[in-house]
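Under numbering that gives the first Met the number 0, think of the first position of the sequence shown as 0, with each following residue one higher.
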Amino acid sequence: MKTKFIFITFFLCMIFLIFGTIINVPDDYATIQSAINASSTGDTILVQPGTYHENVDFNNRAVTLASLYATTSDESYIESTIINGGHSSSCVKFDSGEGNDSVINGFTVTNGYAYYGAGIYCYNSSSPTIMNMIIDNNDGHPDDSYGGGICIMSESEPVCSNIVISNNYAEAGGGIYCHDNGNATLSNITFFGNTANHGGAMLTNYSHPVVDRALVYDNQANSAGGAVYVLYHSFPEFTNCSIVNNTTPGWGGGFYCNDIYGEPIITNSIIWGNESDYDLQIFALGANPTVNYSDVQDGTGEDWFGEGCIDADPLFLDPGNDIFFLTVSSPCIDAGDPNSPLDPDGSIADMGVFYFEQTDVNNEELINNNERIEISNYPNPFHSSTTISFSVTQTSRFVTLDIYNLKGQKIRQFSIDDSRFSIVWDGTDETGKYVSSGIYYYKMKNGRYTSTKKMILMK
0 MKTKFIFITF
10 FLCMIFLIFG
20 TIINVPDDYA
30 TIQSAINASS
40 TGDTILVQPG
50 TYHENVDFNN
60 RAVTLASLYA
70 TTSDESYIES
80 TIINGGHSSS
90 CVKFDSGEGN
100 DSVINGFTVT
110 NGYAYYGAGI
120 YCYNSSSPTI
130 MNMIIDNNDG
140 HPDDSYGGGI
150 CIMSESEPVC
160 SNIVISNNYA
170 EAGGGIYCHD
180 NGNATLSNIT
190 FFGNTANHGG
200 AMLTNYSHPV
210 VDRALVYDNQ
220 ANSAGGAVYV
230 LYHSFPEFTN
240 CSIVNNTTPG
250 WGGGFYCNDI
260 YGEPIITNSI
270 IWGNESDYDL
280 QIFALGANPT
290 VNYSDVQDGT
300 GEDWFGEGCI
310 DADPLFLDPG
320 NDIFFLTVSS
330 PCIDAGDPNS
340 PLDPDGSIAD
350 MGVFYFEQTD
360 VNNEELINNN
370 ERIEISNYPN
380 PFHSSTTISF
390 SVTQTSRFVT
400 LDIYNLKGQK
410 IRQFSIDDSR
420 FSIVWDGTDE
430 TGKYVSSGIY
440 YYKMKNGRYT
450 STKKMILMK
């Protein structure tokens, strides 16, 4: 899927190169806004790494605003190309009826401050394409604010993919706020560390957003809906999501559903370990959520506990360290809706955001066993490279060392033979591209035994 996405991104960039003008920032224009103002339909505004202290408004321009990630697929450019809103307004606005051909691709958006959408604001039937972004540390007004990361309102329908939404604040919807037919399409989204009074990660009101493959963890609501608050006449869809370890002192550590028409549709998902004073993962006040083929803690006996649902420990690899991969014994493997698309390994869909890649190792169970596999890396955290050292008590013919990003995507694989006791990872993926700073996991597999550890890349 990632390879296919990169190809599509590259192909689109080639189209822009052929049919539109390339405007370079800062070579042609010193600021992003001046480049947008000078652009024409079909142009590409290519932004060099750096921090741009401005508040960007697309002004109904059908253009692509991109970092060098769009032409290189090097994720480090997402982190190093920054739009800093100066704590004065939204960092990026789409409020003039923009369509999907208004594109922003490959930036970090931070330090915005607004009543609506401190990070990104979509309003007035604006439906841009927002992809490959980090939306971090944006603040809504403390008295009355909506969507610390993104606010989507007034029949706006943005298409959002591959986005990390973290450490944002608003009174309603710390990560995202959808209102008045703010019908976003959201795929491959990570929400963490967001805070709100209502809906730590997300609040929907009179809207029907579609959320596919989202990891929602460690968000907080001070009133209700630690992760998601579903308000009047909202029917959000959540498919293959992991909603874990969110908190609120009020109702609904995972979901708070208010009103007879505040009804989420939840499929192939895991809702587990969310905390509230009332020990409810999903609280439905006069609402009728639809929950099927999902693992919901303490869901047994609830009216909404539907077809294919289970109430069993998902057996995450290391939830205490925010590692939410499924282990081989997880009841969530092959437990999703059998009519859903198959997982990439050809098996029935799993529950949760990360599918378990099934391999046949002598038909034996894989065991996470640190006694048989000793593995560590130094330095950790590291800047440019780290040495991963290992020893095993008995070596099989099948010894591999894999590196995963926070989304659970395998980015690098090493084959290990008897003569090797360490490898040096230089922060590149399988294609040789440098990855961005962040948390990564390395997993050694020796026959039926595995061991996984965490490391931090800081550039």
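Note that beta-carbon positions come from the ideal geometry of N, C-alpha and C, so glycine has one too.
Distance, residue j Cα to residue i Cα
i	j	result
A348	S33	47 Å
F57	T63	10 Å
I151	C121	5 Å
T326	E97	44 Å
P332	V352	Pro is not the amino acid found at residue 332; the sequence shown has Ile there. One C-alpha to the other measures close to 12 Å.
P248	N221	6 Å
S450	I415	14 Å
C240	S153	26 Å
E74	T299	42 Å
V398	N445	5 Å
I387	M454	10 Å
D342	S87	44 Å
F190	L214	6 Å
Q408	S165	19 Å
T385	I77	22 Å
S383	V434	11 Å
K432	T71	8 Å
G460	Y277	No information on residue 460 is available, as it lies outside the stretch 0 to 458 that the chain covers here.
N23	I410	30 Å
F106	N136	14 Å
S125	S328	45 Å
Residue burial classification, residue i (beta-carbon count within 10 angstroms, cutoff 16)
i	result
I402	buried
V55	buried
S155	buried
T430	exposed
F420	exposed
D359	Confidence at D359 is low in this model, with a pLDDT of 39, below 50, so its placement is unreliable and the value that follows should be read with caution. Burial call: exposed.
I322	buried
E373	exposed
T40	exposed
G139	buried
E370	Bear in mind that a pLDDT of 48 at E370, under 50, signals an unreliable position, so the model cannot answer this.
Per DSSP, the bridge partner or partners of residue i
i	result
D211	S186, T238
L202	Y176, Y228
G249	Answer is none; G249 lacks a bridge partner.
G459	Missing from the structure shown is residue 459; the chain here goes from 0 to 458 and no further.
G121	Note that residue 121 is Cys in the sequence shown here, rather than Gly. In DSSP, C121 forms a bridge with F93, I151.
D302	The partner list for D302 (beta bridge, DSSP) is empty, contrary to what the question assumes.
V398	N445
H197	A171, A223
K453	Y440
S165	D135, F191
Y377	T386
R411	I402
Reduced DSSP category for residue i - H, G, I as helix; E, B as strand; rest coil
i	result
E74	coil
N273	coil
A69	helix
S33	helix
N445	strand
G192	coil
G116	coil
S293	coil
S126	coil
S153	coil
N218	coil
N83	strand
G104	Looking at the sequence shown, residue 104 is not Gly but Asn. Correct three-state label for N104: strand.
N257	strand
N338	coil
G319	helix
Cβ pair residue i, residue j closer than 8 Å
i	j	result
E262	T238	no
I134	G146	no
N83	Y115	no
L284	N257	yes
S186	D217	no
V243	N273	yes
S275	G307	no
I103	V91	yes
T194	C177	no
I149	I188	no
S101	P127	yes
D336	Y292	yes
F355	M443	no
S268	S233	no
G172	G198	yes
S339	Q357	no
Closer than 7 Å: residue i CB and nearest the ligand SAH heavy atom
i	result
K452	No copy of the ligand SAH appears in this structure; indeed no ligand is present at all.
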